[in-house]
Each structure stands twice: as structure tokens, then as C-alpha cells.
Amino acid sequence: MKMRRRTTAGLLVGALLATTFISAAHAETAPGDANLLPNASFELGASADALDSWSPWSSTSLTHFGVASDPVSDGIQSLHVNDQATTTGGGFVSALMPVTERTTYEVNLDVFHVSGSFSIWAYFHDAEGVQIGSEWQTVRTGTGAWERAFLEFDAPAGASQAKVMIYSGNLPTSDVYVDDVYFGLPGGSGHVPPVPPSVPEQIVANDESLTSLGTPVGSRVVRNAVIGEEDGVSMTYGLYKGVEETGTPATLVVARTSDGGIVRTLPLAGADFAQHIQKSSDGKIYIATSGSYSLWVYDPATTQLREIGVINPASPAEGYGWSLAAADDGRMYIGSYPKGYLYLYEPADDSITNLGAVDPTQSYIHSMAYDPVRKNLYVGAGGNSAQIWKVAADGTKTPLLNEQNAPGATTESFVSTFTWVNDRLFARISNRLIVVGADDQIEYWRGGANEIHGYHVSQRPDAPDKYIYSFGSTFWEYDSTTQAMRNLGIPNNGYLNDSYWVQLDEAGWPGWTMIAATSNGVVRMNIEAGISEAHDIVYSSATTAQRLFNGPDSMYASGYLIGLAPFDDATGQAGASIQSGQYEAAEVRDGKLLLATYGNARLMEYDPATGAAPRQIFSLQDQGQDRPFGMDYDAESDRIFMGTVAHYGHNQGGLTAYDFATNTRKTYTTEIVDEQSVVSVLAHDGLVYLGTTIDGSLGAVPSGQTDGHMVVWDPDAETVVHDVIPIAGNEGVTGLMAGPDGLIWGVSENTIFKWDPELGEIVYSEPILQHRYGTGTVWMWGDLEIGSDGNVYGTDRFSFFRIDAETMEYSEIVPDPVMGSPIMNAVANPDGDILFSHGPYVFRYDVPAPAELACTVELENRVDGELIVAEGEIVCGTNVTVNGGVTVQSGGALRIVDSVIRGGVISTGADAIRIQDSSISGTVSVSETTGGYVFAGNDVRGSLQCSGNENPIDDLGHPNAVRGVSQGCDGV
-14 MKMRRRTTAG LLVGALLATT FISAAHAETA PGDANLLPNA SFELGASADA
36 LDSWSPWSST SLTHFGVASD PVSDGIQSLH VNDQATTTGG GFVSALMPVT
86 ERTTYEVNLD VFHVSGSFSI WAYFHDAEGV QIGSEWQTVR TGTGAWERAF
136 LEFDAPAGAS QAKVMIYSGN LPTSDVYVDD VYFGLPGGSG HVPPVPPSVP
186 EQIVANDESL TSLGTPVGSR VVRNAVIGEE DGVSMTYGLY KGVEETGTPA
236 TLVVARTSDG GIVRTLPLAG ADFAQHIQKS SDGKIYIATS GSYSLWVYDP
286 ATTQLREIGV INPASPAEGY GWSLAAADDG RMYIGSYPKG YLYLYEPADD
336 SITNLGAVDP TQSYIHSMAY DPVRKNLYVG AGGNSAQIWK VAADGTKTPL
386 LNEQNAPGAT TESFVSTFTW VNDRLFARIS NRLIVVGADD QIEYWRGGAN
436 EIHGYHVSQR PDAPDKYIYS FGSTFWEYDS TTQAMRNLGI PNNGYLNDSY
486 WVQLDEAGWP GWTMIAATSN GVVRMNIEAG ISEAHDIVYS SATTAQRLFN
536 GPDSMYASGY LIGLAPFDDA TGQAGASIQS GQYEAAEVRD GKLLLATYGN
586 ARLMEYDPAT GAAPRQIFSL QDQGQDRPFG MDYDAESDRI FMGTVAHYGH
636 NQGGLTAYDF ATNTRKTYTT EIVDEQSVVS VLAHDGLVYL GTTIDGSLGA
686 VPSGQTDGHM VVWDPDAETV VHDVIPIAGN EGVTGLMAGP DGLIWGVSEN
736 TIFKWDPELG EIVYSEPILQ HRYGTGTVWM WGDLEIGSDG NVYGTDRFSF
786 FRIDAETMEY SEIVPDPVMG SPIMNAVANP DGDILFSHGP YVFRYDVPAP
836 AELACTVELE NRVDGELIVA EGEIVCGTNV TVNGGVTVQS GGALRIVDSV
886 IRGGVISTGA DAIRIQDSSI SGTVSVSETT GGYVFAGNDV RGSLQCSGNE
936 NPIDDLGHPN AVRGVSQGCD GV
């Protein structure tokens, strides 16, 4: 994925030395004279301080830059970047070059990389020479040879000149040579960028035991949609979630409202999703995207899509657009997260102005609506307290909700999905309707049960005091004169997004018909006839694998934000994705999947045998819980234990125990831990082990907690047995599991610790992992699993690793992510191989078989009489004839291949047994083997008996011929 860093005008300007404009005609140019860069191969000038059309960036830059005669890739000189300082950096800046605003420019250059790193900056200026923007990108190439690097930069609105800088930076040091630099339109240099390896190719290149299983889970996630018109045809516009690295980023889907047929799809490069899409007053379609944190516009008149730019160039993540509202003259308000800033876009000059936070105490502007008559903007701020603000044209802000006019409303986290229609503001607070009149009085608020879904409310043209909305699977009506609601009983095809009304000249559709965009597609609905006609918009793409888990019939992947798919972990072939979720954890009970589901921390049950939609067992909305990241099922007591993060704006998580026998549940919060989340759960030997994190929900005020805990909980006595802080100052505990040594293992940021249940104390604690939490919210972190070799494998968002269970030696199998998504979700399949995910991709690591110990006894070709393998012996033989039976004593090991045994084989308590492609004249009885038991391709003239072996018998895919009875030897 193309990664960019952007700054606004004024940053770093003080360090830039003045440069003069030199036309492209003066430059050494690439083929076709497309290169705008003067002196592109550094041939003009015998030293760095004399290079024509290049200037040092700072007074110290000349100590880090020079010209070299070897190596070179073009001409007789190259630029040598040799910066070994760790406190100051250096740069060389080109002359100004002419550019066209809102145009993408390519930089490509030859690089001979010795060590360290460097970057390329592009500075953009207006016609007066004032810097109005800049971007930088790190240059990445191999070492020890010339390699071409390719970068792209976007000239912002108002740009007419540009210059580039080769920059060494402060850290790390740099030793590279640069030659034959190109700046111009993409494709103009004559150099063709290489096709980079795919994400799966880069991951599996780390180890020959890695296999890509593809992208098993797909989703059709669209937040909302709006209706417009192209050439007189009514269209719906929705932004569907994507994943940039799959080649399918977030995509604008344009479809007919008449039948849902897709007219065109337009990918938004660098974007993965949008929280809101909105039509402006002049009919254009605006999208505020995540991933790129940009504002985009689509013009139905030209069918062209354009990225306007990053909403907040100075701090892109603080311009995460969450809501849009159309103002006058084509302007667009943008509400954001995480600072709750309000922005205003002006189409006249493509400018985006930060108007500041409407409510500095809240993280989100979840929704907005504009009153074009009074010029008021209504803003739904939230995070830990929902509030509707009226922002007047002069900037005066007035909160509209309080305990007197809307009891309980401000204790909720969010108010969302605003519709301004007929001097009324319609909104949702946790799927409950609130209506505000133009006089700022609350017309309707009950605050009880759920009563509304969707993003839009539509006024009836034949009954202006009545309004249509969606709830559940049908359309409902609100009467503003009586504040009464009624179910129209007409199917809605998903929640309502946008609509208009027409009078159709069709039989069976009398009077007014509503044409609507919905979450599933489109629908037309006629109240008088009591009918609707729906069409789905059929579009889906791969989505991020949120979690991986074992199911009753196969492996499963859940998707972000929705999706649940079974898949074959041998071939990667996936079944159809169920469009529900998002599922954060899963357990198997009675052949069904128990699914911990985000959104009011619900427990759902899915039966793969029927394929029916998952059914809800319980919801923790009444307990203020929201995200269930940790869950474990205790078969002995038939109880499920779920750890949770609180609702938005709150810190107090909890543990919920559900008893299937009695159909009862109980949630424990402060009984477990104060003001923390419970994110890891392990039920083991009658106790429940819990990992906590100091991070609460999004939008929560920091609690002041500093240490993650491991809590040992007695579910029968309902009391804490132990409460320990594994590592003071580490913020979370994740990855709890029963280890191969009988101890409880866990992850505290970069530390692996072990808890001895008998001693009641931590007996091992070492920071052997390579990564710690950053400054953001962290819930999921470490996952640990036991492989078929008895060692421990795991992920910590930055790597996939192995820990030797005996020596505790740590080694990285996949050392780094290759895209922005974390490496996570380590889970062992039934064979003991390890699966993990990276973005939408799932991988399998085939755990190598344990290396066999060297033989202590090598058999000759012939053994006369009985063969006895004593304790401590490893007896091996190939093409051996044993004229008698074989007895393997406890602690011994036998390896026989391509041999004849003229008698039976009796083994009790052996360390390992391997018999392959051999003939055995007698009963084979193998019991209580502690290691591997391979029995493959043999001819047994007797019975085959297996019992008490630690590992199942393995025939390596080569069946045995057993002429007698086979007992207890499943798998052969």
C-alpha cells in the first residue's frame, strides 16, 4: 500500500534555503523530455556545494552529502548520502518546477543502498512562491546493487510549483547513493515500476512451512446510502467497505433505484471504509473515508470521482470523518473522531477549515443535520455523554438535551442518524427515537424499548404530519400530531437510508409511492396498497479477519465489521459468508458455535447443520457492556464465561457467567476489578483466569489505572482467589492458556509469565517478546497456542513467533507485518498446526515434527529370537528380519522400516513407536506411548490394539492391512 506522510504549509519552512525557479528546458531530461527536474543525474557541478539547481537544506547538510564517481548508474557522477550523525539530519533541495494543481506526480530514482534509510520530500507552492503543502515518503530498496524506487505525490489545490528534497533524517543513519532522479507525470520516465510481491507472497517467504489460505471471509458492509440522478435516471450511491491490500479498497457503488442493478463501481485508493456519505445541495456526492482520512467527491453529471484531500493534513488521524451535513452553496460540514472537531469544506477553493470542537469533552460528532431556513447546524456529540448541539450561524452553541426534557438521554453514549425534515430533527439514541422541533423543544422522547432503525426519516407527501421510518423488518409511521407510532407491516429490505416520493403510472401502485435506498439495496413502497418491491444490490469483497476459531465442523473466520465463514484449513476453500457479526470469540457446545458478538456484548448460537441465522441467547445491554473479547466454555459445569469492555465512554468492564442448565446469567464488574476491561478468559480446573487491560471503551476518560491484572476467580464461591499484577506498568494481560507444563501462561505486553496454580504465584516472567503497547487503545494483543510439537506459538500484532516450551527460547517466524493490519489470531487446528491472520489473509504454519533422537542401537539385517528394547534405548532398523517377537519396554523407542517381524509387537509406555512398510506375523499391541506413534503401510497377520497413547496413531496416509481385529486404533 502506498504510505504517505503529509504536512501543511509552514512546517519545516524555516530550515529551507531559498531556491530559484528553473524551467524544465534547462534540465537534463528523461526520454521524451518528460522530466521536470533540473540536473537529474548530478552531472553539473564537481562538488555538492556546486551542484547546479540543487541547494543544501540546512547549514549541516554539506557534511552529509557529496558527489561520487563510483558507484554511478547514469553519467559519471552520483549523489552520495552519507549521514552517520544521530542528532542532526541533512537534505538537498531541487529547484522549483512547474506543476498543475490536483495532479499526481511521480518520483523515481536509482538507489544503491549500503545501509540505513532516507526519504523524499515534495514541497508544493502557489504562484507567489508560498509553500501550501508537503508530503514525504521513505525510500525502500534492497542493498548492494542499483535498484529503481518509485514514489507518487499529489499536488494540492492552488499548487503551481514544486521542489523535491533528498533527506537523510536524524535516525537512523544513512549510507546510500542516488542517481538519475525523475520528477514528472506518471509513466513519463520510461522506467516501469516492478510488480511488488503480494502480501501472501511476502508472508510465506519467511518460512517454507507457511501456506496462504486466502481471504476466507467476505462482507457487504455499507454504512449508509444516498439517492441522486444521472441523465434522468434515479441512482443510489453507497460506499462499500474494502481492504486496500487485496486490490479492492473501499468502493463507491452506483446502482439504479429501479432494480438495484449496478451501473458502475469506483474504487477509492487508500481508503477502506466510510462512516457517512452525503449529497450536497448542488447534487454532488461526498464521502469521508477512513484509512486515508480523506474527503472525496463524486459528480453524477460527469461520473467522475475525485479525492479532494486529507481532512486534517497536520494530523490526519484527527480528521477521521464520521458524519457529513450539506450546507448552502454546495458546502459540506464534516464531523470527526477522536477530537470531536467540526470542519467545513468550501467547494469554491477546495479548502477544508477546522472549526474546532463543538464539545471538547466528547470524542465524536456522530451525526449532523442542517436547517437551510434558519442556517442552524445540529450536531450530535458523544462518546461518554450524548448531546444535541444547535450551532447558530454566528457560532453560538446551545445544548438541547437535559434531564428535564429528555430523561436518561445524556447518560447514553451517542445520538446519531439525524434527518432534518419539515422543521423537525429526527434522531436515534440507542435505537430509540427523539424528535426536536424548530423551537428547540423536545417533541418526542420515551427512552424505553428500541423503536427505530436506520439513517433516514421520510415525510409523507399526502399526509405531511406523518413520517416513515424503518424498524426491524418493516416500515413504521410516526404521527407528529399525536406522537403515536404504528407498524405499517410492509417489508423494508433493511434499514432506511434515503428516499423520495413519486406517483407511478402503474396498476397496483395507487397514489404516492416511496422510492428508497436501504441497507440491503433498494425498495419501493406504497402505503395505500400495503405493498413493497425490493431488490438487493449484490456487491461484496474480502474483509479483515477479525478472529479465527475452531468450529464443530471446520475452522471459521469472523469478519470486521461483519461476516462469518467456514473454511478448509488444508485447501483454504471457504464456504459462503454469513452477513452478521462482528464476532469476537467463539466456543463449541453440542455441535454448535457459541459466538461472542460486539454490540451490547451478545452471546449468539449458530448451528452449522441448519445454516440458520445465529440466535441470541443473551445481551448485556442492561449491564452496560459492549465488546466481548474473551470467552471460554467449561464443559464440566456447562457454563460459558465472557469477559467484556464497557459501552462507549465508560471504563468498567466485567465478567458474565451463563449457566445453560438453568438459563441464568450473572455479571460481575467491580467484584473483579475497578475501572478496567476484561479481555482474556480461561476456564481451567474449576477456576476462571482473567486478563484485564487499563483501556476502557472508546471515548472513555482515562481511569488513571496503570497496571493490567491477572485475576483468579472462583465461579462457585463468586469470589477473587488471587489478584496479581504480572508486570507493574504494563497495561494489559492477554493470551491466557493452560501451558504444556501444567502452568498458566499469559502475555503482559512484551512479557511472557507463568502462574503455578498449586503455589499460587508467578514462577516465570521474562520480557522475551519484542513489542509493547503504544499510546492508543489496546484490547486484543497476545494469542498463545500449543503446537503439535509441544512448543508454544503466538502472535502479538507485530509478529508470529515460537517459544521452546523447555528452554523458553524465543524465535520469530514472521518478524514484521507487511501492511497496516496487525498479525494476530494465532489458533491451533485439530492437527496442532497454527493458523493466524494478517488483515483479510489467513495463513497456516505446518508445525515441524519433532526431530527424532539419534539411534542408540542399529540392527543388523537379521535378529535371531526375540527383540527386546530396554528403557533408554532407541532401536532402529531397515530391511531387518526379526525371527521372533518384539517387546518395547517403558522408556524405550523403536523405529522399524521395510522389515519382517516373525512374531507380534508388544509395547507399553514407550517413548515413541515408528513401524513402516513392514510385515508382522502376530498381534500388535501398543499402549501408553508418551511420544509419537507412527504405524503406516504395514501388513499385520493378527490383530491391532491401541490404548492410552498420548498421541493418536498416524498412518501418514498409507493404510495398513490388518487381517485380525482392530481395537482403539482410530485413524488407520
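Note that this note's numbering gives residue 351 to position 366 of the sequence shown, counting from 1, and the numbers run on in steps of one.
The beta-carbon is built from N, C-alpha and C at its ideal position, and this holds for glycine as well.
Going by C-alpha to C-alpha distance, which of 284, 765, 667, 212 sits closest to residue 682? The residue you call residue 682 lines up with position 697 of the sequence shown. For the residues 284, 765, 667, 212, the minimum Cα distance to residue 682 belongs to 765.
Can you list, in chain order, the residues of its chain with a C-beta nearer than 8 Å to that of residue 130? Leave out the 5 residues immediately preceding and following it. Position 145 of the sequence shown holds residue 130. Only 97 meet the Cβ criterion.
So is the beta-carbon of residue 937 under 6 Å away from any non-hydrogen atom of the ligand ATP? You won't find the ligand ATP in this model; it holds no ligand whatsoever.
Please specify which runs of the beta strand (DSSP E), each continuous and at least 3 residues long, are wholly inside the segment 858 to 912, giving them in chain order. 859 to 863, 866 to 868, 871 to 873, 878 to 882, 890 to 893, 897 to 901, 909 to 912
Rounded to whole angstroms, what's the CA-CA distance from residue 210 to residue 562? Just pull it up for me. Taking the first residue of the sequence shown as 1, we reach residue 210 at position 225. Taking the first residue of the sequence shown as 1, we reach residue 562 at position 577. So the two alpha carbons sit approximately 22 Å from each other.
Cα separation between residue -5 and residue 107? On the sequence shown, position 10 is the one that residue -5 refers to. On the sequence shown, position 122 is the one that residue 107 refers to. Any reading at residue -5 is ruled out, since the residue's pLDDT is 27, under 50, leaving its predicted position unreliable.
Quick one, which of 762, 725, 809 has its alpha-carbon nearest residue 792's? Translated into the one-based positions of the sequence shown, residue 792 becomes position 807. The shortest C-alpha separation from residue 792 is found at 725.
Comparing the C-beta of residue 113 with each C-beta of chain C, is any distance below 7 Å? This model lacks chain C altogether; it includes just one protein chain.
Alpha carbon of residue 439 to alpha carbon of residue 511, nearest angstrom: For the purposes of this step, residue 439 is taken as residue 454 along the sequence shown, with counting starting at 1. For the purposes of this step, residue 511 is taken as residue 526 along the sequence shown, with counting starting at 1. Distance between the alpha carbons of residue 439 and residue 511: 19 Å.
Quick one, are the C-beta atoms of residue 934 and residue 917 less than 7 Å apart? Here residue 934 is taken as the residue at index 949 of the sequence shown, counted from 1. Here residue 917 is taken as the residue at index 932 of the sequence shown, counted from 1. In this structure, residue 917 does not lie closer than 7 Å to residue 934 by Cβ.
What does DSSP give as the partner residues of residue 986 in its beta bridges? Residue 986 is absent from the structure shown; the chain starts at -14 and stops at 957.
Please classify residue 968: is it buried, with 16 or more other beta-carbons within 10 angstroms of its beta-carbon, or exposed? Within the shown structure, residues of the chain are numbered from -14 to 957, placing residue 968 beyond reach of any answer.
Can you grab the Cα-Cα spacing for the pair residue 497 / residue 558, in whole Å? Translated into positions along the sequence shown, residue 497 becomes position 512. Translated into positions along the sequence shown, residue 558 becomes position 573. If I take the Cα positions, the gap works out to 48 Å.
Check whether the segment 186 to 205 and the segment 55 to 66 are in contact - that is, three or more C-beta pairs closer than 8 Å. no
Straight-line CA distance for residue 486 to residue 242? One-based indexing of the sequence shown puts residue 486 at position 501. One-based indexing of the sequence shown puts residue 242 at position 257. If I take the Cα positions, the gap works out to 12 Å.
According to DSSP, simplified to helix, strand and coil, what is residue 303? Position 318 of the sequence shown, counted from the first residue, corresponds to residue 303. Reduced to three states, the DSSP call for residue 303 is helix.
Which class does residue 667 belong to by DSSP, given the choice of helix, strand or coil? Your numbering for residue 667 matches position 682 in the sequence shown. Of the three classes helix, strand and coil, the one that applies to residue 667 here is strand, per DSSP.
Between the alpha carbons of residue 829 and residue 196, how many angstroms are there, rounded? Position 844 of the sequence shown, counted from the first residue, corresponds to residue 829. Position 211 of the sequence shown, counted from the first residue, corresponds to residue 196. Cα to Cα, the separation comes out at about 5 Å.
Exposed or buried, what is residue 880 when buried is set at 16 or more other beta-carbons lying within 10 Å of its beta-carbon? Walking along the sequence shown from the start, residue 880 turns up at place 895. It is buried - the Cβ of residue 880 has at least 16 other Cβ atoms within 10 Å.
Quick one: what's got a C-beta closer than 6 Å to residue 352's C-beta in the same chain, skipping five residues either side? Within the sequence shown, the letter at position 367 stands for residue 352. Correct list, in chain order: 308, 365, 401, 402, 403.
Reducing DSSP to helix, strand and coil, say where residue 512 ends up. On the sequence shown, residue 512 is found 527 positions in, with the first residue counted as 1. Residue state, collapsed to three classes: coil.
Nearest to residue 423 (by Cα), restricted to the options 435, 358, 219, 62: Position 438 of the sequence shown, counted from the first residue, corresponds to residue 423. Ranking 435, 358, 219, 62 by Cα distance to residue 423 puts 358 first.
Whether residue 653 touches residue 639 by CB criterion (7 Å): By one-based count along the sequence shown, residue 653 stands at place 668. By one-based count along the sequence shown, residue 639 stands at place 654. Going by C-beta atoms, residue 653 is nearer than 7 Å to residue 639.
Rounded separation between residue 286 and residue 216 - CA only: Numbered from 1 along the sequence shown, position 301 holds the residue referred to as residue 286. Numbered from 1 along the sequence shown, position 231 holds the residue referred to as residue 216. Cα to Cα, residue 286 sits roughly 8 Å from residue 216.
With contact counted as at least three CB pairs below 8 Å, one residue from each stretch, are the segment 38 to 45 and the segment 16 to 30 in contact? yes
Of all the beta strand (DSSP E) runs that stay within the bounds of the segment 197 to 272, which reach a length of 3 or more residues? 207 to 215, 218 to 225, 236 to 241, 247 to 252, 258 to 264
From which residue to which residue does the beta strand (DSSP E) around residue 930 run? As a working mapping, residue 930 is identified with position 945 in the sequence shown. Here the beta strand (DSSP E) through residue 930 covers 929 to 932.
Please report the straight-line C-alpha distance between residue 696 and residue 669, rounded to a whole angstrom. Translated into positions along the sequence shown, residue 696 becomes position 711. Translated into positions along the sequence shown, residue 669 becomes position 684. Straight-line Cα distance between these residues: approximately 13 Å.
Considering just the uninterrupted stretch of the alpha helix (DSSP H) at residue 188, what are its terminal residues? The residue you call residue 188 lines up with position 203 of the sequence shown. Looking at the DSSP string, the run of the alpha helix (DSSP H) that includes residue 188 is 184 to 189.
Based on Cα-Cα distance, which residue from 702, 336, 712, 237 lies nearest to residue 676? What you label residue 676 is simply residue 691 of the sequence shown in a count that begins at 1. Nearest C-alpha to residue 676: 712.
Could you check if residue 1026 is buried or exposed, using at least 16 other CB atoms within 10 Å of its CB as the buried criterion? Absent from the structure is residue 1026, since the part of the chain shown begins at -14 and ends at 957.
Using the Cα positions of residue 641 and residue 227, report the straight-line distance between them to the nearest angstrom. As a working mapping, residue 641 is identified with position 656 in the sequence shown. As a working mapping, residue 227 is identified with position 242 in the sequence shown. If you take the alpha carbons of residue 641 and residue 227, they lie about 34 Å apart.
Contact check, residue 173 vs residue 53, beta carbons under 7 Å: One-based indexing of the sequence shown puts residue 173 at position 188. One-based indexing of the sequence shown puts residue 53 at position 68. Going by C-beta atoms, residue 173 is not nearer than 7 Å to residue 53.
For residue 233, does the count of other Cβ atoms within 10 angstroms reach 16, so buried, or fall short, so exposed? Position 248 of the sequence shown, counted from the first residue, corresponds to residue 233. So residue 233 counts as buried.
Cα-Cα separation, residue 251 to residue 273: Walking along the sequence shown from the start, residue 251 turns up at place 266. Walking along the sequence shown from the start, residue 273 turns up at place 288. One C-alpha to the other measures close to 15 Å.
Evaluate residue 923 with the Cβ neighbour count: other Cβ atoms within 10 Å of its Cβ, from every protein chain shown; 16 or more gives buried, anything less gives exposed. Along the sequence shown, read from residue 1 onward, the residue named residue 923 stands at position 938. Result: buried.
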